[in-house]
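Residue numbering for the sequence shown follows our numbering, beginning at 179 and increasing consecutively.
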Amino acid sequence: MTSTTPPTPGTRLDPWFGAYAQRAHNMRASEVRALFAVVNRPEVVSLAGGMPYLEGLPLDTISETVQRVIATQGLSALQYGSGQGHEALREQILDVMHLEGIDAHPDDVVVTTGSQQALDLVTRIFVDPGDVIVAEAPSYVGALGVFRSYEADVVHVPMDEAGLIPEALDACLTELRAAGRRVKLLYTIPTFHNPGGVTLSLERRARVLEIARSHGVLLVEDNPYGLLGFSGDPIPAIRSLDEDGVVYLGSFSKTFAPGFRVGWVVAPHAVREKLVLASESAILCPSNASQMAISAYLSTSDWRAQIKAFQVMYRERRDAMVSSLAEHLPDATWTVPDGGFYTWVRLPEGLDSKSMLPRAVTGRVAYVPGTAFFADGTGADHVRLSYCYPTPERIREGVRRLATVVNAERELVEIFGTRPALDDVSDVDNPGPDLA
Ligand code: PMP
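Here it is in structure tokens:
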């Protein structure tokens with residue numbers, strides 16, 4: 179190579195381009211990723227990120243807890259551990275899940291490196307290339323990336339304000355079966371959906387489960403936000419209704435801190451065994467130090483009070499988001515989440531969220547275009563706005579800036595017709611870990 183430009187993976191400048199496995203060709207960063215490099219600058223209000231707001235955590239106490247773990251149990255904390263995860267933590271995870279009505283045994287739990295690894299493991303043990311995974315429209319961008327990397331075909335099923343629509347799910351599964359497709363998983367985020375901001379109603383939970391069961395499809399319930407509700411008690415998880423037909427994914431990332439990278443899966447016994455084997459082949463074992471730190475945190479801190487404090491803080495931010503949307507963007511429509519981090523906004527008629535993004539960033543506000551959340555790159559009429567990280571004042575300022583960009587864009591669309599989209603809209607956006 180004589181060029182001074184370093185080769186970029188996945189392009190013809192990469193001398194190993196022809197050597198990659200097909201699944202690596204499916205792993206592509208989106209063109210919007212480069213734009214996101216600037217969104218964490220202080221001048222930009224980022225309504226794009228999915229990062230929890232950690233400033234509310236008692237860092238002194240956590241620091242003492244971690245120090246105590248190393249001082250008193252250092253030799254095991256710094257050692258390899260069980261592939262299935264630390265037993266004491268698996269028992270404590272049962273207490274956490276109990277809040278959502280789940281009864282399980284510690285042996286049903288596999289600790290993972292965040293629920294993201296759980297998504298990878300579940301897909302790895304169930305999905306062959308060309309198999310179908312049914313998911314909500316829209317769906318979590320990080321899950322879509324995993325599904326693509328295992329060469330699954332994702333088929334989306336619509337939601338309304340009460341979550342996944344059971345009749346549409348039934349019709350979709352019936353049609354796929356008639357077409358001879360192998361549907362392996364129903365992937366759902368029933369509670370405080372990312373990015374949809376809606377929650378599957380209680381009646382629909384039973385119905386969705388029954389439909390999945392009647393079609394012989396395993397239901398994967400991804401639930402990192404379930405305890406971050408803004409009103410009343412936690413909603414019973416789908417897993418609380420059935421042990422055999424559901425694989426449940428949980429995480430400490432949003433209720434405590436993502437940096438420890440601790441999540442978990444609860445699965446029927448035989449599935450659990452495969453998951454442990456798959457996890458051992460990927461990482462040998464999850465971090466003992468992280469698991470023991472979380473275990474010590476759960477046994478010495480009032481983690482329920484911490485979750486309550488997060489609920490109050492995120493609710494205030496949700497309120498700032500929806501009230502400023504009503505004030506500045508009356509022609510848009512949006513979901514009003516009852517928990518979690520995100521609202522899903524339909525832009526005024528004729529706008530394309532992906533092609534508008536560079537102008538939004540110039541206008542010092544960022545969002546994730548709706549296209550990131552569909553396997554087929556549709557969804558340009560929507561944006562995901564997150565209210566988890568910026569303060570209420572910054573959220574209000576961000577929405578005000580977004581409205582300025584939207585109004586300018588509208589004028590241009592009225593004059594020139596629809597704006598051209600960026601080049602490859604069929605590419606699944608992958609904005610990067612801090613934005614997922
Ligand atoms: N599932 C959903 C729906 C998410 O929003 C996220 C994080 N944004 C994850 C899984 C992954 O979370 P983690 O690996 O940090 O547990």
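Every residue gets a Cβ at the ideal spot worked out from N, C-alpha and C, and that includes glycine.
A quick note: this is a predicted structure, and the numbers were derived from the prediction, not measured.
Just mark P344 as buried or exposed, buried being the case when its beta carbon has 16 or more other beta carbons within 10 Å. buried
Indicate the three-state DSSP secondary structure (helix, strand or coil) for G341 in the structure shown. strand
Run the CB neighbour count on W442, radius 10 Å, all protein chains shown included, and call it buried at 16 or more, exposed below. buried
Any C-beta of chain B under 8 Å from that of R579: The chain inventory of the structure shown lacks chain B, comprising one protein chain alone.
Considering only the alpha carbon of each residue, which of E587, G234, Y426 lies closest to C566? G234
Starting from W481 and walking both ways along the alpha helix (DSSP H), at which residues does that stretch end? 481-506
Looking at the structure shown, is E421 part of a helix, part of a strand, or coil, going by DSSP? coil
Measure how close the beta-carbons of L396 and G423 come, nearest whole angstrom, since I'm counting them as under 8 Å. 7 Å
Within the present structure, is the beta-carbon of I367 separated from the nearest heavy atom of ligand 1 by less than 7 Å? yes
Between A226 and the rest of its own chain, which residues show a CB-CB distance below 6 Å, the 5 nearest in sequence each way excluded? V217, A544, Y545, V546, L613
Considering only heavy atoms of ligand 1, does any lie closer than 7 Å to the CB of N372? yes
With H, G and I counted as helix, E and B as strand and the rest as coil, what does DSSP make of P336? strand
Is the closest heavy atom of ligand 1 to the C-beta of G437 under 7 Å? no
Along the beta strand (DSSP E) that carries T521, what are the first and last residues, could you check? 520-524
Count the other CB atoms within 10 Å of the CB of T366; is the residue buried (16 or more) or exposed (fewer)? buried
For Y365, the first and last residue of its enclosing beta strand (DSSP E): 361-366
Restricting to Cα atoms, I'd like to know which of L297, G308, A315 is closest to V324. L297
Cβ neighbours of E339 in the same chain (closer than 6 Å, five flanking residues each side left out): V376
When you measure from the CB of G441 to every non-hydrogen atom of ligand 2, does any distance come out below 7 Å? In the structure shown, ligand 2 is absent; the only ligands present are ligand 1.
Within its chain, find whatever has a CB closer than 7 Å to the CB of V244; leave out the 5 residues flanking it on each side and keep chain order. A471
What's the call for T540, buried or exposed, on a 16-neighbour Cβ count within 10 Å? exposed
I'd like the span of the alpha helix (DSSP H) that includes I240, first residue to last. 237-255
Looking only at its chain, what residues have a beta carbon closer than 7 Å to the beta carbon of G595, apart from the 5 residues adjacent to it on each side? none
Reducing DSSP to helix, strand and coil, say where R562 ends up. strand
Relative to ligand 1, is the shortest distance from any of its heavy atoms to the C-beta of Y318 smaller than 7 Å? yes
Cβ of L580 within 8 Å of Cβ of T521? no
Is the segment 441-455 touching the segment 196-204 in the sense that three or more CB pairs, one from each, lie closer than 8 Å? no
CB-CB length for Q469 against G407, believed under 8 Å: Contact flag wrong, Cβ pair sits at about 26 Å.
Is it buried or exposed for M179, if we count other Cβ within 10 angstroms and need 16 for buried? Interpretation of M179 is limited by its pLDDT of 42, a score under 50 that renders its predicted location unreliable; no figure is taken from the coordinates.
heavy atom of ligand 1 below 7 Å from D516 C-beta: no
Helix, strand or coil: which one does DSSP assign to T433? coil
Between N466 and G320, is the Cβ-Cβ spacing less than 8 Å? no
Out of curiosity, what's the CA-to-CA distance linking L191 and T549? 27 Å
Roughly how many angstroms lie between the CA atoms of I311 and A346, to the nearest whole one? 15 Å
Please say whether R268 and V287 have beta carbons closer to each other than 8 Å? yes
Under 8 Å, do E278 and A483 count as touching if we go by C-beta distance? no
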